[in-house]
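Written below as C-alpha cells is the structure these notes are about.
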Amino acid sequence: MSDPSALFAPERVAVVGASEERGSVGRAITTGLRDEFDGEVVPVNPNHETVLGQPCVDGLAEAEAVDLAVVVVPPAAVLDVVREAGETGVGSVVVITAGFAEAGGEGATRERELRAVAAEYDLNLVGPNSLGLISTPVGLNASFGPGDVLPGGFSFMSQSGAFVTAVIDRARDQGVGFRHIVSLGNEAVLDERDFVEAWGEGETSVILGYLEGIDDGQAFIETAREVSRETPIVLVKSGRTEAGARAASSHTGSIAGSDRAYEAGLDQAGVLRTETAEELFDVARALDGLPVPASGEVAVVTNAGGPGVMATDATDDSDLELASFADGTIDALRETLPETANVYNPVDVIGDAPAERFDKALEIVLDDPNVGTALVLAAPTNVLDFGALGERIVERRTASDLPIAACLMGGASMEPARERLNTAGMPTYFDPSRAIRSLEACWRYREVRDRKYVAPAEFDVDRERVREELERASRETNRVGVEAMELFDAYGIPTPDGEVVEEPAEAVGVAQDIDGEVVMKVVSPGIQHKSDIGGVRVGVPNEAVYDTYEDLVSRARNYQPDATILGVQVQETIDPDAGTETIVGMNRDPQFGPVVLFGLGGIFVEVLEDVSVRVAPVTEPEARSMIDELDAAPVLRGARGRDPIDETAVVETIQRLSQLVTEFPTILELDVNPLVATPEGCVAIDLAATIDPGEL
Numbered sequence: 033m034s035d036p037s038a039l040f041a042p043e044r045v046a047v048v049g050a051s052e053e054r055g056s057v058g059r060a061i062t063t064g065l066r067d068e069f070d071g072e073v074v075p076v077n078p079n080h081e082t083v084l085g086q087p088c089v090d091g092l093a094e095a096e097a098v099d100l101a102v103v104v105v106p107p108a109a110v111l112d113v114v115r116e117a118g119e120t121g122v123g124s125v126v127v128i129t130a131g132f133a134e135a136g137g138e139g140a141t142r143e144r145e146l147r148a149v150a151a152e153y154d155l156n157l158v159g160p161n162s163l164g165l166i167s168t169p170v171g172l173n174a175s176f177g178p179g180d181v182l183p184g185g186f187s188f189m190s191q192s193g194a195f196v197t198a199v200i201d202r203a204r205d206q207g208v209g210f211r212h213i214v215s216l217g218n219e220a221v222l223d224e225r226d227f228v229e230a231w232g233e234g235e236t237s238v239i240l241g242y243l244e245g246i247d248d249g250q251a252f253i254e255t256a257r258e259v260s261r262e263t264p265i266v267l268v269k270s271g272r273t274e275a276g277a278r279a280a281s282s283h284t285g286s287i288a289g290s291d292r293a294y295e296a297g298l299d300q301a302g303v304l305r306t307e308t309a310e311e312l313f314d315v316a317r318a319l320d321g322l323p324v325p326a327s328g329e330v331a332v333v334t335n336a337g338g339p340g341v342m343a344t345d346a347t348d349d350s351d352l353e354l355a356s357f358a359d360g361t362i363d364a365l366r367e368t369l370p371e372t373a374n375v376y377n378p379v380d381v382i383g384d385a386p387a388e389r390f391d392k393a394l395e396i397v398l399d400d401p402n403v404g405t406a407l408v409l410a411a412p413t414n415v416l417d418f419g420a421l422g423e424r425i426v427e428r429r430t431a432s433d434l435p436i437a438a439c440l441m442g443g444a445s446m447e448p449a450r451e452r453l454n455t456a457g458m459p460t461y462f463d464p465s466r467a468i469r470s471l472e473a474c475w476r477y478r479e480v481r482d483r484k485y486v487a488p489a490e491f492d493v494d495r496e497r498v499r500e501e502l503e504r505a506s507r508e509t510n511r512v513g514v515e516a517m518e519l520f521d522a523y524g525i526p527t528p529d530g531e532v533v534e535e536p537a538e539a540v541g542v543a544q545d546i547d548g549e550v551v552m553k554v555v556s557p558g559i560q561h562k563s564d565i566g567g568v569r570v571g572v573p574n575e576a577v578y579d580t581y582e583d584l585v586s587r588a589r590n591y592q593p594d595a596t597i598l599g600v601q602v603q604e605t606i607d608p609d610a611g612t613e614t615i616v617g618m619n620r621d622p623q624f625g626p627v628v629l630f631g632l633g634g635i636f637v638e639v640l641e642d643v644s645v646r647v648a649p650v651t652e653p654e655a656r657s658m659i660d661e662l663d664a665a666p667v668l669r670g671a672r673g674r675d676p677i678d679e680t681a682v683v684e685t686i687q688r689l690s691q692l693v694t695e696f697p698t699i700l701e702l703d704v705n706p707l708v709a710t711p712e713g714c715v716a717i718d719l720a721a722t723i724d725p726g727e728l
C-alpha cells in the first residue's frame, strides 16, 4: 500500500460531487478547500460547468494530476468513482459518503467491494462514512467539519466524526493547534494503526485519538510499541463489548473481559489511556510542553493550604509521590520563608506571598536531588502579581531540566499568568487533580520511552503431544472442555503426579504408585465448580479409592445427568498450606487474541479480583510486572515472616502458558486454579480449558 502520509501533502485535490447547493456536504468541502488550501482544487460534477466560480469537470479522467480525491456522491456511485481514481493514477481517496457497513445488508456488501477495488489499485483510502481530513501545513480542510483549525504539533484521529467536530471547536477556544486530523469512518482500508505509523515517522509531537474499537489488537501493539518510544500516543478508548460476558464460563474469562484486554494491550503498546476528552488534551499539552521527569517525586509550592491538601490527595491517588526534601532544602526554605510558612512538602508560602517568594521557594525545591517534578499552585490574592508569577515560572522552567506545571485556581485575575505560560508552551490547570494527572502522564511516558522490549522466550516443548490431546478432546463434542494435565506436561509446566482414569480399578492402580493419600476429582467439561457438588476429594487413602471413584461419578451424574463424564483424575496430594494459591489463566479476546491473567487463586479469585492481565505473548519482564502489580505482591514475596515464593518459577510458568495459548489458537479459555507457589517452585493443581475444534 502507498504511504498514508501522502494524504496530508497533496498538490491537487478533486472534490467528486462538488456542489453549489446551500447546506450540502459537497459545497461545504469545496468551500473549505477553496478558502484555505495552498494547492489547486478541482470540482468534479457532470451536471455543472462551474462550482463556486471554479471550472468543473465531468469526471476524474478529465482532471489532470490529482493527488487526492474527496468523494461525496450517492453510495451506489462510490465504487465507480473509486475505480476511476485508481485507473487515472489518483493515489489517495477520502470517501465521505455513508451507507456502507454501518447500514448493514447491501451497505456491508458495498463496503467489501470498495475494499477490493482499493486493494486492486493500491489506494490510500479513508472511510467510507468519514467526516474527512485536515492538514494545517498545507491549509488542507478536506472535510465538512469546522474550519480555522489552529496549526500545532498534535495529530488527531477519531472513529467518531462528531468527536472530531467537538474537539476542533473546543481546541480553538483553548488555543490548541493540530498538524493533522482524520476522521477514520468505517476503516475499510486505512485504520488507526496506519496513522500511528505514518505520524510516528513525521513531525507530529503527540499522537491523539478517540477509539471505540481496534480490529487487530496484536498488530496495533506491534506498531504502537515502536512508535511510542519516540512519539507519545494518548488515546480515549470508549465502549465496552460483550466479550467478558461471553467468556464468563471461566474465572479468567469473567475477570479479564474485553476492557481489561484493551487496558493491558494499550499499556504493552506504550499508549497512555485517558478517560475523558478533557484529560486527553491535558495530557497532550503536558507531554508537548514539558520534559519527562527524572523521577516520580513531586514538589508542591502553594500559597493556599486547602488546595495543597487537594494536590496531596491527588498525588496519593496517582503513581507519583510527594518528594521527601533533603535536610539542606528544608534549611534553605526556613531561611527564606516566613516563620508561619510550611517548609515541608507541600510547601506553603502562605497567603501574603508575592511572586518573588513563590520564585525563591520554587528555585530551592528544584535544586533538591529528590525532586523529579514540581507543581506551582496559586490562589488569587490582592498582593500577588499574576503576570509576574507567570514570568517567574517560565524563567524557572527555562533554567531547569524538570517539568513544572502550574495550577492557577482563579478566573480573570489569573489570565496574565495563563497567557504567559501558554505562550511558553506550558500547560495550566484550575483543578489540582488535573495537574497531577498530567504530571503523572509525563512520568508514565518516561517509563514507556525507557522501556526495553525483550522478545518472548521460546521454550523447548512437545507440540505434537498437545495437538494429539486436543484432537482427542475435540472428538467428544463440537466445543469442549478439556481437563488434561498432558497439555502442561508437554509444555514443561510442573503438575502433580497422577493421571485421569475411566474405571475405579484403574484409579486404585494409579493411587498405589503415589506415595501417601491422593486427591481425586471428577473430570467433566460441563461442570466448572466441582467442589460445590462434592466432586473433589482430598486426602483419600488407598483403601478408599475404589469407592470414592464411584461416589464422585454418581454425584456428577445426579447434579447434571447430561454431563459428559470423562473419568476421574487421581493426583498426588499437594499441601496448599506449603505455599500460596495463585491462578494463571487465559481468555481469547476477539480483538487482542490470547489474554493471560495472573493473581491470587483458590476461593478468593472472584471475590478479591487481585489479578493482573497481559496480552500474549508475554515476555519475561512483563511476567514479572504482573506479580509487581498485585496488591498481594508483598505476601508472595515474604511479608510478615512468610517464606517468599519462587518468583522465577512462577514467571517461567506464565511464559510457558503464554507460549501454549499463542501456538494453539484452538484453546479459547484456560484456567489453572490453583497454581500453588512455594519457596521451591510452583505446581499446577487443576487445569480446565475450553477449545474450538474448528481452529485445529
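Mapping the sequence shown onto this note's numbering, position 602 (from 1) lands on 634, and the numbers just tick up by one. By construction, the Cβ of each residue, glycine as well, lies at the ideal position given by its N, Cα and C atoms. All of these numbers come straight from a predicted model, not from anything done at the bench.
For residue i, the first and last residue of its enclosing alpha helix (DSSP H)
i      : result
Met342 : Gly337 to Asp348
Ala114 : Residue identity check: residue 114 is Val in the sequence provided, not Ala. Per DSSP, Val114 belongs to the alpha helix (DSSP H) from Pro107 to Glu119.
Phe313 : Ala309 to Gly321
Val693 : Glu679 to Glu695
Phe40  : From DSSP, Phe40 is part of no alpha helix (DSSP H); its letter is neither H nor E.
Pro75  : Segment Glu72 to Val76 is the beta strand (DSSP E) holding Pro75; no alpha helix (DSSP H) there.
Ile468 : Pro464 to Asp482
Ala505 : Arg495 to Ser506
Counted within 10 angstroms of its Cβ, other Cβ atoms place residue i as buried (16 or more) or exposed
i      : result
Asn766 : Residue numbering for the chain in the displayed model covers 33 to 728; residue 766 lies beyond these limits and cannot be assessed.
Asp154 : exposed
Phe462 : exposed
Thr430 : exposed
Ala275 : Note that Ala275 scores a pLDDT of 45, beneath 50, so its modelled location is shaky; the value from the coordinates is reported in the next line. Answer is buried; the Cβ neighbour count reaches 16.
Arg211 : buried
First through last residue of the beta strand (DSSP E) which encompasses residue i
i      : result
Ala101 : Leu100 to Val103
Arg202 : Unbroken run through Arg202 is the alpha helix (DSSP H), Gly193 to Gln206; no beta strand (DSSP E).
Gln601 : Gly599 to Glu604
Phe630 : Gly625 to Leu632
Tyr242 : Val238 to Leu243
Phe699 : In the sequence on display, residue 699 carries Ile and not Phe. First-last of the beta strand (DSSP E) with Ile699: Ile699 to Thr710.
Gly530 : Gly530 to Val533
Asn619 : Thr612 to Asp621
Leu84  : Segment: none, Leu84 is in no beta strand (DSSP E) and carries neither H nor E.
Phe186 : Pro183 to Ser190
Thr596 : Note, Thr596: premise wrong, no beta strand (DSSP E); not H, not E.
Cα-Cα separation, residue i to residue j
i      : j      : result
Leu84  : Asp90  : 16 Å
Ala336 : Val381 : 8 Å
Asp642 : Leu707 : 15 Å
Ser281 : Asp579 : Because Ser281 carries a pLDDT of 42, less than 50, the predicted location of this residue cannot be relied on, and the following value inherits that uncertainty. Straight-line Cα distance between these residues: approximately 30 Å.
Arg511 : Ala505 : Residue placement at Arg511 cannot be trusted, given a pLDDT of 46 that sits under 50; the coordinates are not used to answer.
Ala60  : Glu52  : 9 Å
Asn402 : Thr680 : 32 Å
Ala664 : Glu224 : 37 Å
Leu453 : Thr413 : 19 Å
Ala41  : Asp35  : 11 Å
Arg656 : Phe630 : 11 Å
Thr284 : Gly617 : For Thr284, the predicted structure reports a pLDDT of 44, less than 50, and the residue's modelled location is therefore unreliable. The matter cannot be settled from this model.
Arg450 : Arg317 : 14 Å
Pro725 : Leu519 : 16 Å
Of the listed residues the options, nearest to residue i (C-alpha basis)
i      : options                           : result
Gln12  : Gly567, Ile606 and Glu613         : The structure shown does not extend to residue 12, since the chain spans only 33 to 728, so no value can be given for it.
Lys553 : Arg672, Asp521 and Arg587         : Arg587
Ala203 : Glu310, Leu146, Leu111 and Ala108 : Glu310
Tyr523 : Pro573, Thr694 and Glu451         : Thr694
Pro264 : Leu319, Phe188, Asp607 and Ala576 : Leu319
Leu322 : Asp482, Leu407, Glu116 and Ala296 : Leu407
Pro730 : Glu604, Arg589 and Pro526         : Outside the displayed range of the chain (33 to 728) lies residue 730, so it cannot be described from this structure.
Val361 : Pro435, Glu388 and Asn377         : Residue 361 is actually Thr in this sequence, not Val. The shortest Cα separation from Thr361 among Pro435, Glu388 and Asn377 belongs to Asn377.
Glu427 : Glu388, Ile128, Asp400 and Pro464 : Glu388
Asn732 : Val122, Phe418 and Gly171         : Outside the displayed range of the chain (33 to 728) lies residue 732, so it cannot be described from this structure.
Leu92  : Ala473, Ser124, Gly64 and Ala108  : Ser124
Asp291 : Asn79, Val303 and Lys269          : Lys269
Leu702 : Asp609, Thr168 and Arg620         : Arg620
Whole-angstrom C-beta distance between residue j and residue i, which should lie under 8 Å
i      : j      : result
Ala73  : Val98  : In the sequence as presented, Ala is not what sits at residue 73; that position holds Val. That belief does not hold up - the Cβ atoms of Val73 and Val98 are roughly 10 Å apart, past 8 Å.
Pro8   : Ala130 : For residue 8 there is no data in the structure shown, the boundaries of the chain being 33 and 728.
Val266 : Val238 : 6 Å
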